[in-house]
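Each step along the first sequence adds one to the number in this note's numbering, with nothing skipped, and position 355 is 355. We put the CB at the ideal spot given by N, CA and C, even for glycine. Structure, as structure tokens:
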Amino acid sequence: MLIYNTLSRRKEEFVPREPGKVAMYVCGPTTYNFIHLGNARPIVVFDTVRRYLKYKGYDVFYVQNFTDIDDKIINRARELGEDPLSLASRYVNEYFKDADALNVMRADIHPKVSGHMDEIINMIKTLVDKGYAYAAGGDVYYEVRKFGGYGKLSGRTLEDMQAGARVDVNELKRDPMDFALWKAAKPGEPAWDSPWGKGRPGWHIECSAMSLKYLGENFDIHGGGFDLIFPHHENEIAQSEAASGAPFARYWMHNGFITVNQEKMSKSLGNFFLVRDILAKFAPEVVRFYLLGTHYRSPLDFDDEKLTAASRGLERLKTSFNLLEEALVGYDSGAGGRPDPTLSLRLDELRGEFEKAMDDDFNTALAIGTWFDLAREINSSLHKDVFAGVAEKYAALSEARELFIDFNRVLGVFKTENGKIAIQGTGGESEGLVESLVDLIIEIRQEARKKKDWPTADRIRERLKDLNIILEDTPSGVRWKKQG
RNA sequence: GGCGACAUAGCCAAGUGGUAAGGCAGAGGACUGCAAAUCCUUCAUCCCCCGGUUCAAAUCCGGGUGUCGCCUCCA
1 MLIYNTLSRR
11 KEEFVPREPG
21 KVAMYVCGPT
31 TYNFIHLGNA
41 RPIVVFDTVR
51 RYLKYKGYDV
61 FYVQNFTDID
71 DKIINRAREL
81 GEDPLSLASR
91 YVNEYFKDAD
101 ALNVMRADIH
111 PKVSGHMDEI
121 INMIKTLVDK
131 GYAYAAGGDV
141 YYEVRKFGGY
151 GKLSGRTLED
161 MQAGARVDVN
171 ELKRDPMDFA
181 LWKAAKPGEP
191 AWDSPWGKGR
201 PGWHIECSAM
211 SLKYLGENFD
221 IHGGGFDLIF
231 PHHENEIAQS
241 EAASGAPFAR
251 YWMHNGFITV
261 NQEKMSKSLG
271 NFFLVRDILA
281 KFAPEVVRFY
291 LLGTHYRSPL
301 DFDDEKLTAA
311 SRGLERLKTS
321 FNLLEEALVG
331 YDSGAGGRPD
341 PTLSLRLDEL
351 RGEFEKAMDD
361 DFNTALAIGT
371 WFDLAREINS
381 SLHKDVFAGV
391 AEKYAALSEA
401 RELFIDFNRV
411 LGVFKTENGK
421 IAIQGTGGES
431 EGLVESLVDL
441 IIEIRQEARK
451 KKDWPTADRI
461 RERLKDLNII
471 LEDTPSGVRW
481 KKQG
């Protein structure tokens with residue numbers, strides 16, 4: 001399996017620190033607002049990375065932090081007249097609502113800065129003791145010139161950085177590129193006691209301290225957005241490697257940006273779309289499917305039309321699975337029978353193609369291509385119905401269902417219940433008032449059709465369509481589904 | 001100014017040396033009372049431009065042009 005490592009700027013064979021186990025850390029959001037689509041991309045991308053590693057049999061330990069102490073949070077809290085920590089924790093809860101909707105699995109641990117003050121202060125102490133950091137006026141700064149490898153992740157030298165640097169004036173720093181490990185508290189700000197007085201951590205130190213605590217030195221995968229390469233991740237490396245003397249993360253993965261009209265979506269540009277607002281217009285599986293339709297390192301442009309196109313494509317996969325389920329109704333998966341060889345061999349081939357795509361730096365776009373190939377295979381097999389025999393047919397279709405479920409297990413597009421994909425809209429065995437009413441209307445329409453009263457039948461179908469209920473007449477009866 | 005990425009059909013998007021996946025949209029046919037869904041067929045002589053390397057390049061090299069990003073909080 002190949003992973004593109006930002007550190008080496010090339011794809012490398014993935015070899016975990018410990019055979020069979022993967023330790024990964026992904027930079028999570030600063031919780032001062034609802035997340036936007038740009039925040040959602042890494043969340044979905046690395047969730048998919050994790051899912052695939054699990055599919056491959058790795059025991060994955062996944063850590064995603066929340067930055068709950070930060071200037072932006074303090075400012076927002078001040079505006080709202082709210083306590084910063086309670087504001088942050090409120091948005092942590094909101095984060096989970098969006099992440100759950102996008103079918104993102106919970107991390108094994110979601111550490112927060114506010115709960116790791118001791119670890120952070122200890123690491124800063126170590127850096128001061130080792131001579132990599134210095135205290136000045138209640139702040140503590142990391143002295144970048146002391147760390148030989150500074151710039152190795154972002155691929156530039158200190159001289160490069162300073163050439164065009166828009167550096168803030170701060171006479172406490174020995175070098176303009178030095179960055180804060182600890183910030184002295186101003187009146188009214190949340191603060192913790194430390195050897196340097198009351199204050200709070202700088203932004204970068206939290207990830208170093210928390211990843212070390214939960215994953216140890218030299219853990220496997222560290223992920224985040226491209227814009228974190230510098231300075232955030234560069235600084236994490238400087239802190240961690242200086243403090244421990246050991247290499248930090250082995251594989252650095254960075255996702256590309258979401259753009260709007262080809263421009264980066266960001267809070268500072270104001271061109272961002274909240275996940276919440278998008279979910280009001282599109283189903284969450286469409287959003288996830290859309291995010292995975294492009295390789296994670298490429299930029300991805302967002303607008304409603306593109307999501308609409310994605311939802312049509314997704315509809316095709318959904319339909320295929322529903323047709324498959326329909327065909328398998330009444331079939332006992334334990335019934336035995338040798339799978340029809342033609343389909344069965346093709347399924348093996350497709351699984352191989354899917355894995356090959358994912359093995360190549362998580363090429364979800366290519367993998368989705370094989371998912372569509374699977375759908376075509378299922379549809380045409382059902383359409384032609386040329387199987388070696390009934391038992392062979394069901395056994396092969398059952399295999400196809402397994403494969404579909406496996407693809408989905410990795411990509412996480414459709415929600416599952418008890419390991420089964422729960423795609424709504426099969427109609428049939430329905431519950432609830434809407435379902436009963438639709439069934440009733442269909443019954444009446446069928447009577448009209450029997451009398452060849454086409455105008456009435458068509459009118460019912462049209463009016464239901466206006467209500468986003470689609471009727472499909474098939475030789476074996478009427479199928480209906482909700483649209484969107 | 002420094003560093004970097006990208007440029008593939010109407011749209012989205014794979015593809016890093018062997019002759020262009022997949023999806024959306026479109027066209028024709030089958031099926032249907034008509035639709036829808038599904039199936040079959042079709043839809044880039046060619047991958048921004050100009051040179052070069054090679055038996056062979058969308059893929060490698062050089063030079064352009066264009067777009068975007070990082071260097072400041074940012075996923």
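Coil, strand or helix - residue i by DSSP
i: Gln64; result: strand
i: Tyr132; result: coil
i: His36; result: strand
i: Thr416; result: strand
i: His383; result: helix
i: Met499; result: The first residue shown for the chain is 1 and the last is 484, placing residue 499 beyond what the model contains.
i: Gly225; result: strand
i: Pro201; result: strand
i: Gly28; result: coil
i: Ala23; result: strand
i: Glu342; result: The residue you asked about is not Glu; residue 342 is Thr in the sequence shown. Thr342: helix per DSSP, three-state reduction.
i: Ile421; result: strand
i: Val45; result: helix
i: Gly57; result: coil
i: Leu471; result: strand
i: Glu119; result: helix
i: Gly477; result: strand
i: Arg9; result: coil
i: Val140; result: strand
i: Lys393; result: helix
i: Leu371; result: The amino acid occupying residue 371 in the given sequence is Trp; Leu does not appear at that position. Trp371: helix per DSSP, three-state reduction.
i: Tyr52; result: helix
i: Asp83; result: coil
i: Asp466; result: helix
i: Lys482; result: strand
i: Glu18; result: strand
Anticipated Cβ contact below 8 Å, residue i with residue j, distance rounded
i: His204; j: Gln239; result: 6 Å
i: Val44; j: Leu291; result: 5 Å
i: Ser2; j: Glu18; result: The amino acid at residue 2 is misidentified as Ser; the sequence shows Leu. Rounded, the Cβ-Cβ distance is 20 Å, inconsistent with contact.
i: Val410; j: Thr48; result: 7 Å
i: Leu153; j: Met177; result: Not confirmed; about 14 Å, so no contact.
i: Ala400; j: Leu345; result: Not confirmed; about 12 Å, so no contact.
i: Ile278; j: Ser194; result: That belief does not hold up - the Cβ atoms of Ile278 and Ser194 are roughly 41 Å apart, past 8 Å.
Residue i and residue j closer than 8 Å at C-beta
i: Ile470; j: Trp454; result: no
i: Thr6; j: His254; result: yes
i: Ile421; j: Phe321; result: yes
i: Asn235; j: Tyr132; result: no
i: Leu307; j: Val286; result: yes
i: Thr309; j: Phe289; result: It is worth fixing the name first, because residue 309 is Ala in this sequence and not Thr. Cβ atoms of Ala309 and Phe289: not closer than 8 Å.
i: Val260; j: Phe302; result: yes
i: Phe257; j: Pro231; result: no
i: Ile124; j: Leu181; result: yes
i: Val60; j: Val15; result: no
i: Ile69; j: Arg156; result: no
i: Trp196; j: Ala135; result: yes
i: Ala209; j: Glu119; result: yes
i: Tyr32; j: Tyr95; result: no
i: Arg250; j: Asn218; result: yes
i: Gly337; j: Glu392; result: yes
i: Gly137; j: Ala184; result: yes
i: Glu206; j: Val63; result: no
i: Ile368; j: Gly293; result: yes
i: Gly412; j: Asn103; result: yes
TODO: Could you tell me whether the segment 344-357 touches the segment 373-384, where touching means 3 or more Cβ pairs closer than 8 Å?
DONE: With three or more CB-CB distances shorter than 8 Å, the segment 344-357 counts as touching the segment 373-384.
Task: Complete alpha helix (DSSP H) runs within the segment 147-186 (minimum length 4 residues, chain order) - done: Taking only runs of at least 4 residues, the alpha helix (DSSP H) segments lying wholly in the segment 147-186 are 158-163.
Open item on the list: Please give me, in chain order, every unbroken run of the alpha helix (DSSP H) with length at least 4 that falls completely inside the segment 301-336.
Closed with: Listed in chain order, the complete alpha helix (DSSP H) runs (minimum 4 residues) inside the segment 301-336 are 304-328.
Task: Segments assigned alpha helix (DSSP H), at least 4 residues, entirely inside the segment 85-116 - done: Entirely contained in the segment 85-116, not one alpha helix (DSSP H) run reaches 4 residues.
Open item on the list: Which runs of the beta strand (DSSP E) at least 3 residues long sit entirely within the segment 234-300? Give them in chain order.
Closed with: With a minimum length of 3 residues, the continuous beta strand (DSSP E) runs that stay inside the segment 234-300 are 251-255 and 258-260.
TODO: Answer yes if the segment 202-219 comes into contact with the segment 101-116, meaning at least three C-beta pairs across the two stretches below 8 Å, and no otherwise.
DONE: Yes: the two stretches touch, three or more of their Cβ pairs being nearer than 8 Å.
Open item on the list: Would the segment 18-26 count as touching the segment 217-237 if we require 3 or more Cβ pairs under 8 Å?
Closed with: The segment 18-26 makes contact with the segment 217-237, as at least three CB pairs between them are under 8 Å.
Task: Any 3 or more C-beta pairs closer than 8 Å across the segment 75-88 and the segment 256-273 - done: No contact exists between the segment 75-88 and the segment 256-273.
Open item on the list: Within 8 Å, do at least three Cβ pairs link the segment 143-162 to the segment 189-198?
Closed with: The segment 189-198 is not in contact with the segment 143-162.
Open item on the list: Assess contact between the segment 89-99 and the segment 48-63, defined as three or more Cβ pairs (one per stretch) separated by less than 8 Å. Is contact present?
Closed with: Between the segment 89-99 and the segment 48-63, the count of C-beta pairs closer than 8 Å stays below three; the two stretches do not touch.
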